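Residues in the sequence shown are numbered from 489 upward in steps of one, following the numbering used here. Here's the structure we're looking at; comments come further down.
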Amino acid sequence: MQKRMHQLWIPGFLTMTLSTVFLMTLQKLGFNARMVSWRDSDILFYLPWLLSLPFCGAFGAYISSRAGGSRGTVLLASVFPVLALTAAFLLMFPIGLVIEPIFNRPVDFSIVATALLRDGIGWILIPGAALLVGGLLVHLLISRRPSSQDTAIG
489 MQKRMHQLWI PGFLTMTLST VFLMTLQKLG FNARMVSWRD SDILFYLPWL
539 LSLPFCGAFG AYISSRAGGS RGTVLLASVF PVLALTAAFL LMFPIGLVIE
589 PIFNRPVDFS IVATALLRDG IGWILIPGAA LLVGGLLVHL LISRRPSSQD
639 TAIG
């Protein structure tokens with residue numbers, strides 16, 4: 489458990505915290521999201537935040553790699569914020585089923601599903617790709633660097 493904590497959970501939560509704090513800072517500074525029309529819906533893009541995500545993903549991947557994480561663990565740590573947000577989005581359905589009888593208000597799940605798909609592109613798919621780019625770059629740079637054992641042998 490100690491190994492997984494240092495290789496996945498700590499780097500993953502650091503990545504999530506860094507990306508979230510940067511997004512909140514941009515919002516406090518007055519940066520607004522750009523609306524991009526796609527088919528019949530509008531998608532919000534925080535371009536400065538999206539441009540920062542490869543650095544956040546690289547940070548998480550670097551911390552995980554320094555802790556001795558495998559390739560999969562390193563990449564998982566870099567995209568951790570998107571995995572947490574995906575879990576939150578997917579929990580909306582069961583929570584809606586529980587809340588509907590309590591408040592006695594029907595929930596139209598077709599509206600919820602449409603919103604999840606629309607928001608999933610702007611909040612999960614594109615940020616996930618940006619985080620993964622940073623994680624892949626760090627992984628490639630670290631895997632090419634000779635280790636201390638390789639230099640001692642040669």
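Quick reminder that beta carbons are idealized off the backbone N, C-alpha and C, glycines included. Remember, predicted model here, so these are calculated numbers, not experimental data.
Unbroken beta strand (DSSP E) stretches of 3 residues or longer found wholly inside the segment 520-553: 522-526 and 529-533, given in chain order. Three or more Cβ pairs closer than 8 angstroms define a contact, and the segment 499-517 falls short of that threshold against the segment 578-591.
By the CB criterion at 8 angstroms, Thr503 and Gly557 fall outside the cutoff.
Of the candidates Ala521, Pro499 and Tyr550, Ala521 places its Cα closest to the Cα of Pro536. Shown here for Phe543: same chain residues with a beta carbon closer than 8 angstroms to its own, the five before and five after excluded, namely Gly622 in chain order. In the three-state reduction of the DSSP assignment, Gly500 falls in the helix class, which pools H, G and I. Of the candidates Leu625, Thr602 and Leu620, the residue whose Cα lies closest to the Cα of Asp530 is Thr602. By a beta-carbon distance limit of 8 angstroms, Leu604 does not contact Pro569. Their separation comes to about 17 angstroms.
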